[in-house]
Amino acid sequence: MKKRQFGRFGVQKNWTIPYAVFLLVFVITPLILIAIYAFTDADGQFSLANFQKFIHHGETVNTFVYSIGIALITTLVCLIVGYPVAWILSQNIFSSTSVIVMLFILPMWINTLIRTLATVALFDFLQLPLGEGALIFGLVYNFLPFMIYPIYNVLNKTDHSLTEAAQDLGACPLKVFTRVTLPLSMPGVTSGILMVFMPTVSTFAIAELLTLNNIKLLGTTVQENINNGMWNYGAAISLVMLLLIGVSSLFTDDKSGEEGGLL
Amino acid sequence: MTILGPSGCGKTTLLRLIAGFLPATSGQIFIGGKEITGIPPYKRPVNTVFQKYALFPHLNVYDNIAFGLKLKKLPRKEIDRKVARVLKMVSMTDYEYRSVDSLSGGQQQRVAIARAIVNEPEVLLLDEPLSALDLKMRQDMQMELKELHKNLKITFLYVTHDQEEALTLSDTVVVMSEGVIQQTGTPMDVYNEPANSFVADFIGASNILNAEMIEDELVRFANHDFKCVDKGFGEHTPVDVVLRPEDIVVFENPSNGMLCGKIQSVVFKGVHYELTVLTEDGYELLVHDYNCFNVGATVGLAVKPFDIHVMKKERVCNTFEGKLIDASHVEFLGHEFECKEVEGIEAGERVKVEVDFGDVELLDNEGMIEGEVKYILYKCDRYHLTVLTDWDENIYVDTQDVWDDGDKVGISIMPEHIRVIHL
Amino acid sequence: MKHLFAKLYVWLLLAILYAPILIIIIFSFTEARVLGNWTGFSTKLYQSLFSGGVNNSLFVTLLNTFAIAFIAASASAVLGSLAAIGIFNLRHKTRNTVLFLNNIPILNPEIITGVSLFLLFVSLGISQGFMTVVLAHISFCVPYVVLSILPRLKQMNPSLYEAALDLGATPMQALRKVIFPEIKPGIISGFILTFTLSFDDFVVSLFTIGNEGLQTLSTYIYADARKGGLTPELRPLTSLIFIVVLVLLFIVNQRAKKSAVHEK
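Protein chains in written order, with this note's numbering: chain R, 11 to 273; chain E, 892 to 1314; chain C, 17 to 280.
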């Protein structure tokens, strides 16, 4: 007998209606508006001028490619630096692992701007120059916890008897890792990659502060355009960014929303 | 009253209908002559003891039990009194202020019962309440429930799949299968005189065989004629016969018995020995005896006429409704089957299709249609399977092969075994 | 000894992670205008932070940020609870659709959320200010509340609601007396989460705050940093925020550990 697992509160399912309306107004409609603005020009006529401008404006295309590059590098560095941390933490070799995990999560809860300014302060203090290196450092610094936490979560929840089974069947520690632990941690890795790549592609404040506005990322371009009243163009770039992120999340096909990371 | 049946037979559904959690799509429900069909659960004079207790974790024992009373806005003193009374009944006095998760399974069970009975319902519904407890605890609780029932004098409607429990506890047993009541009666009735092969198989261990009622008080099975006490089945009628293992007598000397067979296995069961005996004609019977025998020994078997229970067969062959496509094709069970040339019936007409149990072939892989094994009845010389086809209709199969419940099977029927008849 | 490398690696990383914050904390105890100059130990900056006066605008900004966060958190908690209960009772297909929609704000990069809401308010002719910021925060926070309540509903013994009905409670009474107590922890953690998200929010606030002079802490810092300096009083503020978050997380951690043992 197949039992419905969800409650039979009956009438209460209508309580989703106010929420559905809310989502419609404050989430769906704004997104549709971006699309509308992207496809119209300043007079309100349908036009592809914004996209033409995007493709032909050398600087914008450069920024686009550059932003993706920076995002990829940041994600890669976070992965290389962060995975070992997640793995070490999941091995429970510290006397109070939960405290250490908390220490890694703590920065996530402190204002991004403050953290970035703290990085600027650090660089000033050490008399290191700001610029591209600082940018990457700042990005990794900001988003590393977002890579560590999902991977740690997945590794932690992995059934330890699976590693024991592998050992029982004759696998040495390295093989256990490559053939069992690593594949099983993939959901966490994809979650982490998404949670780093997406914000990095769309960031602007960090870039501005850490490079004294010398390096412009895609996010900066959007912000500048919106601020200067070029809403249509700004919307168009936003749409491109949305597509980029949509495509990259299709590649990974995970439920990072449910992971949440922060929940 | 106990509702007894295997999982999925609909007993919990029945209980939920009575409690009010499931609205009835047709039919009516009466309690004490008053109709309650349209009344929501919080207004019905019934209370339920849930399978997983469903105690409110944020309330302590007292508040859990008092929950229903507080809703009725009874004065505090009266609530105290009633709660104390039921706690005493379930032997949980002094547990008022304990938190729910500090209680053991058995204790939670009692609180759940107390919470239900304190509201003085007309009917108490119990949904497999003891299934989560271990054996010793279960047996103790069964006795306590019986005591409680005697003291409270209200109707207990108890649902379980454990036939021993049903037989121990009940005044009346209702056996259900696939949403249909198979038999209602006292535990003794249901055990000694099962109405059909399902009940016979479900209650107690038994040997069920295909037989032929030759005439009143004479039945033939396992290639032997037996005197029995049943009449009214007609002459030369196919029937089912039930023999309880404890009713079969074993003789060391084969010639002393009515049947003769070789012992296949002997298992010591504490009180008796459980023997399987294979007769000369290939019938494997389960026998309980107080004596020990050796495996391989040839023995004689006998059974008293009074202990042979004859039941009507629910069906003698498979019967389906179908449509004749043309002279050599008929459609039933959602598939077009090839059949022998049919004469006297027009193409397109609705027909009755018959297939004998033994003519249905079961395959591991794909067949003409697919199905799932739902129920296996051992008939001593064959297995009688109930297979649910993809078309959502049952097909009954006799086979020597051993299948498991839930096996997916392919089904094939040869043309010469399909009988097409006028509706 | 075997784990020495591993431990060193982790500690090193933590050191790098906290170095900038430590610098800010250390230099909050000095008077120098410029970060990096140590002019002797002093708590003047802390005093200045709390005294209002010259830095009235920072104080006002803090108040605004708190107010926005509180209102957004309260509204999100209410809307999210109702939504979670509603979603929990939907049939499978509808539920998945709503959950998908629910997850969009979580998955969206902040700048998209910000720009889209900006365009919304502009199209509707709503002038940007306090209300728009609050509405914007609610819109991206409620999904988190829903996601922190739903698991509690799933974990709950499904018979509890029916048990309440069985004992004579009407559906509303059953919800109030049985369901809400069960999801209360989820509501609380949702509230805290929303409060923090709102308090720390930068991008969305920037796009929906308008030009009337309203500032949240983040936009204030941003404007400040663009001007080239970091208001010195921000150092003690950062240090205090850091300590508060540290203590809060510690408490949450302890509570989580206690309930995990409890459940075993």
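The C-beta atom is built at its ideal place from N, Cα and C for all residues, glycine as well. Every value quoted in this text rests on a predicted model; they were computed, and no experiment measured them.
- Contact between the region 241-248 of chain R and the region 44-51 of chain R is present: three or more C-beta pairs spanning the two stretches fall below 8 Å.
- The residues Phe1142, Gly1191, Leu1192, Ala1193, in chain order, have a CB closer than 6 Å to that of Gly1148/E in the same chain once the five nearest residues on each side in sequence are set aside.
- The continuous beta strand (DSSP E) containing Met1202/E extends over residues 1200-1203.
- A direct Cα-to-Cα measurement between Phe147/R and Ser73/C gives close to 32 Å.
- With 16 or more other CB atoms across the displayed protein chains lying within 10 angstroms of its CB, Gly96/C is buried.
- By the criterion of at least three beta-carbon pairs nearer than 8 Å, the region 978-998 of chain E is not in contact with the region 919-931 of chain E.
- At least 9 Å separates the beta-carbon of Thr1280/E from that of Val1064/E.
- Residues of chain C with a Cβ closer than 9 Å to the Cβ of Ala910/E are, in chain order, Glu178, Leu181, Asp182.
- Residues are counted here when their Cβ sits less than 7 Å from a Cβ of chain C; for the region 921-951 of chain E these are Pro932, Tyr933, Asn938, Thr939, Phe941, Lys943, Ala945, Phe947, His949, given in chain order.
- Within the same chain, Cβ atoms closer than 6 Å to the Cβ of Glu987/E are found at Val952, Tyr953, the five residues on either side in sequence being excluded.
- Taking CB atoms only, Ser175/C has a neighbour in chain E less than 9 Å away.
- Within the region 183-204 of chain C, those residues whose Cβ lies closer than 9 Å to any Cβ of chain E are, in chain order, Leu183, Gly184, Ala185, Thr186, Pro187, Gln189, Ala190, Lys193, Val194, Pro197, Glu198, Lys200.
- Phe218/C sits in coil when the DSSP states are folded into three classes, being neither helix nor strand.
- In the three-state scheme derived from DSSP, where H, G and I count as helix and E and B as strand, Gln999/E is classed as helix.
- Checking the DSSP bridge columns, you'll see Lys1243/E partnered with Glu1212/E, Ile1312/E.
- Taking C-beta separations shorter than 8 Å and ignoring five residues to either side along the sequence, the partners of Leu1109/E in its chain run Asp1116, Phe1117, Lys1118, Cys1119, following chain order.
- A residue is called buried once 16 or more other Cβ atoms fall within 10 Å of its Cβ, and Gln63/C, having fewer, is exposed.
- Restricting attention to Tyr944/E, Ala1113/E, Ser917/E, the CA atom closest to the CA of Gly1173/E is found in Ala1113/E.
- Apart from sequence neighbours up to five positions away, the residues of its chain that approach Gly896/E with a beta-carbon distance below 7 Å are Lys902, His1052, Val1066, Met1067, Ser1068, ordered along the chain.
- By the criterion of at least three beta-carbon pairs nearer than 8 Å, the region 105-121 of chain R is not in contact with the region 64-80 of chain R.
- When secondary structure is reduced to three states using DSSP, Gly1125/E falls in the coil class, being assigned neither helix nor strand.
- Cβ contact annotation for Lys1027/E (same chain, cutoff 7 Å, sequence separation greater than five): none.
- For Lys973/E, not one C-beta of chain C is nearer than 9 Å to its own C-beta.
- Using a Cβ-Cβ cut-off of 9 Å, Arg1006/E is close to Ala179, Leu183 of chain C, given in chain order.
- DSSP, reduced to helix, strand and coil, places Thr232/C outside both helices and strands of the structure shown, so it counts as coil.
- Non-local beta-carbon contacts of Gly1213/E in its own chain, meaning distances under 7 Å to residues more than five positions away in sequence, involve Val1221, Glu1222, Phe1223, Val1242, Val1244 in chain order.
- The Cβ atoms of Ile1267/E and Ala1238/E do not sit closer than 9 Å to each other.
- Annotation: Leu140/R has no Cβ neighbours in chain C at a cutoff of 7 Å; minimum Cβ distance is about 13 Å.
- Cβ atoms of Ile1045/E and Ala1005/E stay farther apart than 8 Å, at about 14 Å.
- When the Cα atoms are used, Leu165/R and Trp97/R turn out to be separated by approximately 7 Å.
- Around the beta carbon of Gln1291/E, fewer than 16 other beta carbons lie within 10 angstroms, which makes this residue exposed.
- Identification of chain R residues near Thr254/C by a Cβ-Cβ cut-off of 7 Å yields Ile124, ordered along the chain.
- The beta-bridge partner set that DSSP reports for Lys968/E is empty.
- Boundaries of the alpha helix (DSSP H) around Ala45/R: 39-48.
- With distances taken between CA atoms, Thr221/R lies nearest to Arg242/C out of Ile195/C, Leu98/C, Arg242/C.
- Contact check between the region 81-100 of chain C and the region 204-218 of chain C: three or more CB pairs, one atom from each, fall below 8 Å, which counts as touching.
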